[in-house]
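Enquirer: Residues -11 to 226 (my numbering) make up the sequence shown, in order. Note that CB positions come from ideal geometry on N, CA and C, so glycine has one too.
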Amino acid sequence: MKIALIGYGKMGKTIEHLAKTKGHDIVLIIDKDNLQDFTKENLQKVDVAIEFSQPESAFENIKKCLEAKVPVITGTTGWLDKLSEARQICEQTGSAMIQATNFSIGVNIFFALNHYLAKMMNAQPQYEVKIEEIHHTQKLDKPSGTAISLAKDILNEIERKTNWVNHENSNPEELAIISKRIDPAPGTHEVTYQSEIDTIKINHEAHSREGFALGAIAAAAWIVGKRGFFTMQDVLGF
Ligand SMILES: NC(=O)c1ccc[n+]([C@@H]2O[C@H](COP(=O)([O-])OP(=O)(O)OC[C@H]3O[C@@H](n4cnc5c(N)ncnc54)[C@H](O)[C@@H]3O)[C@@H](O)[C@H]2O)c1
């Protein structure tokens, strides 16, 4: 596979290393210092673009790839207010994209567990639910995109919760997401249900960035030749 890396920070570099060990070619690397190379002509040389940049640049980067009809895998968080616009461009241009707040296979299994647990907990109002996430201090967005995805699934299932807040909740309808920034921390997410009788916790702890990178490479291999807007659930088949 011929890959363009859009964003060459911690994730871009990890993806480069792992993609090369799997025999893929990195034919274009774009970061903020060589944006002049981010052209339609250069994009025509690749099979797929993998975008891990920053919240302010993600949407324009994705748009550029989609308009050049290059399928794009994007993991950047903190820009998702524009996701439906990106999806529209994807569908209008007949291109393809996968957006995931977390590409790790383990986290996607964790998402499915969270969803199932929330479904059961809708009928158990004695449990108060809370999310906690811990990341390194350089992380730009808060709460994490992964925590927001967990919260959305809980809010969709548990009728007594109406919205999330990024602090301890002040009324029972709010779902608390507590964010902690500590070094070093590749990423921990924990969902806790607490009653007077007992506590149930599910927890995912990333040990390195490799899980995100391998998931993004697997998604890139899956999307080549497809059209449309997909999620990691489509890639993993659950
Ligand atoms: N979805 C996932 O699985 C997952 C996993 C880890 C991180 N992330 C997210 O991915 C993003 C990148 O993470 P990171 O740890 O690599 O961050 P990073 O800060 O190490 O790298 C970001 C890179 O983007 C570059 N950049 C800035 N403006 C740009 C532009 N206009 N075009 C291209 N590149 C530009 C920066 O110079 C930097 O090199 C963050 O939003 C992070 O939250 C997602």
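Would you identify the three-state DSSP class for Leu68, choosing helix, strand or coil?
Expert: Sequence index remark: in the sequence shown, residue 68 carries index 80 (1-based). Residue state, collapsed to three classes: helix.
Enquirer: Report the start-end ranges of each beta strand (DSSP E) in the region 99 to 156 that is 3 residues or longer and not cut off at the edges.
Expert: 116 to 123, 151 to 153
Enquirer: Going by DSSP, what residue range makes up the alpha helix (DSSP H) through Ala204?
Expert: Taking the first residue of the sequence shown as position 1, residue 204 is located at position 216. 198 to 211 is the span of the alpha helix (DSSP H), which, as asked, contains Ala204.
Enquirer: Considering just the uninterrupted stretch of the alpha helix (DSSP H) at His5, what are its terminal residues?
Expert: Walking along the sequence shown from the start, residue 5 turns up at place 17. Looking at the DSSP string, the run of the alpha helix (DSSP H) that includes His5 is -2 to 9.
Enquirer: Would you mind sorting Pro160 into buried or exposed? The rule is 16 or more other CB atoms within 10 Å of its CB.
Expert: In the sequence shown, residue 160 corresponds to position 172, counting from 1. It is exposed - the Cβ of Pro160 has fewer than 16 other Cβ atoms within 10 Å.
Enquirer: Please name the residue, chosen from Val36, Glu121, Ala173, that lies closest to Gly213 on a Cα-to-Cα basis.
Expert: By one-based count along the sequence shown, residue 213 stands at place 225. The candidate whose alpha carbon is nearest that of Gly213 is Val36.
Enquirer: Assuming the contact rule is C-beta atoms closer than 8 Å, Ile93 and Leu224 should be a hit. Round their C-beta distance to whole Å, please.
Expert: By 1-based counting over the sequence shown, the position of residue 93 is 105. By 1-based counting over the sequence shown, the position of residue 224 is 236. At roughly 7 Å, the Cβ-Cβ gap stays under 8 Å, so Ile93 and Leu224 are in contact.
Enquirer: Take Trp67 and list the residues in its own chain whose beta-carbon comes closer than 7 Å to its own, dropping the five residues that flank it on each side.
Expert: Residue mapping note: residue 67 aligns to position 79 of the sequence shown, counting from 1. Taken in chain order, the residues that qualify are Pro43, Ala46, Phe47.
Enquirer: If contacts are defined as beta-carbon pairs under 8 Å, then Ala208 and Met220 qualify, I think. What distance do you get, rounded to the angstrom?
Expert: The residue given as residue 208 occupies position 220 in the sequence shown. The residue given as residue 220 occupies position 232 in the sequence shown. Contact doesn't hold; Cβ gap of about 12 Å is too wide.
Enquirer: Between Ile18 and ligand 1, is the CB less than 7 Å from at least one heavy atom?
Expert: Along the sequence shown, read from residue 1 onward, the residue named residue 18 stands at position 30. Yes; taking the cut-off as 7 Å, the Cβ of Ile18 has a heavy atom of ligand 1 nearer than that.
Enquirer: Could you tell me the alpha carbon to alpha carbon distance between Ile18 and Glu39, rounded to whole angstroms?
Expert: Taking the first residue of the sequence shown as 1, we reach residue 18 at position 30. Taking the first residue of the sequence shown as 1, we reach residue 39 at position 51. Taking the straight line joining both Cα atoms gives about 9 Å.
Enquirer: For Ser73 and Ala164, I'd like the C-alpha separation in whole angstroms.
Expert: The count along the sequence shown starts at 1 and reaches residue 73 at position 85. The count along the sequence shown starts at 1 and reaches residue 164 at position 176. The residue you asked about is not Ser; residue 73 is Glu in the sequence shown. Between Glu73 and Ala164, the C-alpha separation is close to 28 Å.
Enquirer: Could you tell me whether the Cβ atoms of Thr134 and Glu121 are closer together than 8 Å?
Expert: The residue you call residue 134 lines up with position 146 of the sequence shown. The residue you call residue 121 lines up with position 133 of the sequence shown. Yes. Within cutoff.
Enquirer: Just reading off the beta strand (DSSP E) that Ser167 is part of, what are its end residues?
Expert: Within the sequence shown, numbered from 1, the residue matching residue 167 stands at position 179. Residues 162 to 169.
Enquirer: How big is the Cα-Cα spacing for Gly199 and Phe91?
Expert: Along the sequence shown, read from residue 1 onward, the residue named residue 199 stands at position 211. Along the sequence shown, read from residue 1 onward, the residue named residue 91 stands at position 103. Cα-Cα distance, rounded: 7 Å.
Enquirer: So, with DSSP's three-state summary, where would you put Asp88?
Expert: Here residue 88 refers to the residue found at position 100 of the sequence shown. Reading off the sequence, residue 88 comes out as Ala, not Asp. DSSP places Ala88 in coil when its eight states are reduced to three.
Enquirer: Would you check whether ligand 1 has a heavy atom nearer than 7 Å to the C-beta of Arg(-1)?
Expert: Counting from 1 along the sequence shown, the entry for residue -1 is found at position 11. At residue -1 the sequence reads Met, which differs from the Arg that was named. Yes, ligand 1 has a heavy atom inside 7 Å of this Cβ.
Enquirer: Inspect the beta-carbon positions of Met(-1) and Ala201 and report whether they are closer than 8 Å.
Expert: Stepping through the sequence shown from its first residue, residue -1 is reached at position 11. Stepping through the sequence shown from its first residue, residue 201 is reached at position 213. Result yes, Cβ atoms of Met(-1) and Ala201 sit closer than 8 Å.
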